[in-house]
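Heads up: the structure comes next, in structure tokens.
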Amino acid sequence: AQKITQTQPGMFVQEKEAVTLDCTYDTSDQSYGLFWYKQPSSGEMIFLIYQGSYDEQNATEGRYSLNFQKARKSANLVISASQLGDSAMYFCAMREFGATNKLIFGTGTLLAVQP
Amino acid sequence: GAVVSQHPSRVICKSGTSVKIECRSLDFQATTMFWYRQFPKQSLMLMATSNEGSKATYEQGVEKDKFLINHASLTLSTLTVTSAHPEDSSFYICSASLLGNTIYFGEGSWLTVV
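Line order of the protein sequences matches chains A and B.
If you read the first sequence in the numbering used here, its first letter stands for residue 11, the second for the next number, and so on.
If you read the second sequence in the numbering used here, its first letter stands for residue 2, the second for the next number, and so on.
What follows is the structure, encoded as structure tokens:
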């Protein structure tokens, strides 16, 4: 069964430092995609970064990078040089590209950036 | 600008009435749309996957007669909460998919049932 796990309900980080948000997943599909979204208090879902299961290199998007370890089924998000505006909920999500085609989310991590 | 428009952003309705939420993909044709429900401080729970021209696939535990999903065209999907009750008050958000890793979210709709 498709499953996403985020074990950190909340995280603190000092401004300008890097932070890693954990995400592990479980799937029997060979073809899948992993996503990270940011959700501020307004509720909108902001796409951050994507990693395909066949991508050999870790994805990077500006200050965001995804530490993809396929054998361990982990897809941790690394935010470098944290900014106060990074304070938000962060969700890891997975989409299986096989029969189900569903996009499901983890429980989220609330990140607080401290000045 | 937004590529997926969701309307209304906020709605208050009386208990026992029905309310419809629209999700439109702008400038592209979405083959698949997802509907989620999110309670405060919780994750997005997938309610159903909506494919154009076919019936929606509901997740286990989601009442299909209560949450009617229609995906009549490649640019529009609607969620109708029928006979709404206060426990249906929640944040509902849709997303539209073009290709495998291209997924856009609407702005979400806050539903309050009084």
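Just so it is clear, CB atoms sit at the ideal spot from N, CA and C, and this is done for glycine as well.
request  = Verify whether the separation of the beta carbon atoms of residue 78 of chain A and residue 60 of chain A is less than 7 Å.
outcome  = The residue given as residue 78 of chain A occupies position 68 in the first sequence. The residue given as residue 60 of chain A occupies position 50 in the first sequence. No Cβ-Cβ contact shorter than 7 Å links residue 78 of chain A with residue 60 of chain A.
query = Considering only residues of the same chain and omitting the five flanking positions on each side of residue 19 of chain B, which have a CB-CB separation below 8 Å?
reply = Locating residue 19 of chain B in the second sequence gives position 18, counting from the first residue. Closer than 8 Å at Cβ, skipping near neighbours: 81, 82, 83, 84, 85.
At least 3 beta-carbon pairs within less than 8 Å: the region 91-100 of chain B vs the region 32-40 of chain B = With the cut-off at 8 Å, the region 91-100 of chain B and the region 32-40 of chain B touch.
message = Suppose you measure from the CA of residue 13 of chain A to the CA of residue 17 of chain B; what does that come to, to the nearest Å?
response = Numbered from its first residue, the first sequence carries residue 13 of chain A at position 3. Numbered from its first residue, the second sequence carries residue 17 of chain B at position 16. Rounded to the nearest whole angstrom, the CA to CA distance from residue 13 of chain A to residue 17 of chain B is 35 Å.
query = DSSP puts residue 29 of chain B in a beta bridge; with which residues?
reply = As a position in the second sequence, residue 29 of chain B is number 28, starting the count at 1. Partner(s): none; residue 29 of chain B has no beta bridge.
task = Within the same chain, show all residues whose beta-carbon is closer than 6 Å to that of residue 1 of chain B, passing over the 5 residues directly before and after it, in chain order.
result = Outside the shown range of chain B (2 to 115) lies residue 1 of chain B, about which nothing can therefore be said.
ask   = What did DSSP end up calling residue 87 of chain A once you bin it into helix, strand or coil?
value = As a working note, residue 87 of chain A is residue 77 in the first sequence. DSSP, reduced to helix, strand and coil, places residue 87 of chain A within a strand of the structure shown.
query = So is residue 117 of chain A in contact with chain B if we call contact Cβ pairs under 7 Å?
reply = If you number the first sequence from 1, residue 117 of chain A lands on position 107. Interface flag for residue 117 of chain A against chain B is set, since a Cβ pair is found closer than 7 Å.
task = Could you pull out every residue in the same chain whose Cβ sits closer than 6 Å to the Cβ of residue 24 of chain A, ignoring the five residues on either side in sequence?
result = Position 14 of the first sequence, counted from the start, is the residue given in the question as residue 24 of chain A. Closer than 6 Å at the Cβ level, and outside the excluded window around residue 24 of chain A, lie 124.
message = Considering only DSSP beta bridges, list what residue 24 of chain B is partnered with.
response = As a first step, residue 24 of chain B must be located in the second sequence, where it is residue number 23. According to DSSP, residue 24 of chain B bridges with B/7, B/78.
Rounded C-alpha distance that separates residue 28 of chain B from residue 116 of chain A = Residue 28 of chain B sits at position 27 when you count from the first residue of the second sequence. Residue 116 of chain A sits at position 106 when you count from the first residue of the first sequence. Distance from the CA atom of residue 28 of chain B to the CA atom of residue 116 of chain A, rounded to whole angstroms, is 29 Å.
ask   = Hey, out of B/65, B/5, B/103, B/70, whose CA is closest to residue 54 of chain B's CA?
value = Taking the second sequence and counting its residues from 1, the one referred to as residue 54 of chain B is at position 53. Out of B/65, B/5, B/103, B/70, the CA that lies nearest to the CA of residue 54 of chain B is found in B/70.
request  = For residue 54 of chain A, go through chain B and note every residue whose CB falls closer than 8 Å to its CB, in chain order.
outcome  = Position 44 of the first sequence, counting from 1, holds the residue named residue 54 of chain A. Neighbours of residue 54 of chain A on chain B, chain order: 106, 108, 109.
query = In chain A, what lies closer than 8 Å to residue 33 of chain B by C-beta?
reply = As a first step, residue 33 of chain B is located in the second sequence; it is residue number 32 there, counting from the start. Residues of chain A whose Cβ lies closer than 8 Å to the Cβ of residue 33 of chain B are, in chain order, 111.
Element boundaries [beta strand (DSSP E), containing residue 15 of chain A] = Here residue 15 of chain A corresponds to residue number 5 of the first sequence, with the count starting at 1. Segment 13-15, the beta strand (DSSP E) holding residue 15 of chain A.
query = Would you say residue 92 of chain B faces chain A, with C-beta separation under 7 Å as the test?
reply = Along the second sequence, one-based indexing puts residue 92 of chain B at 91. Put simply, the CB of residue 92 of chain B is near chain A, with a gap under 7 Å to one of its CB atoms.
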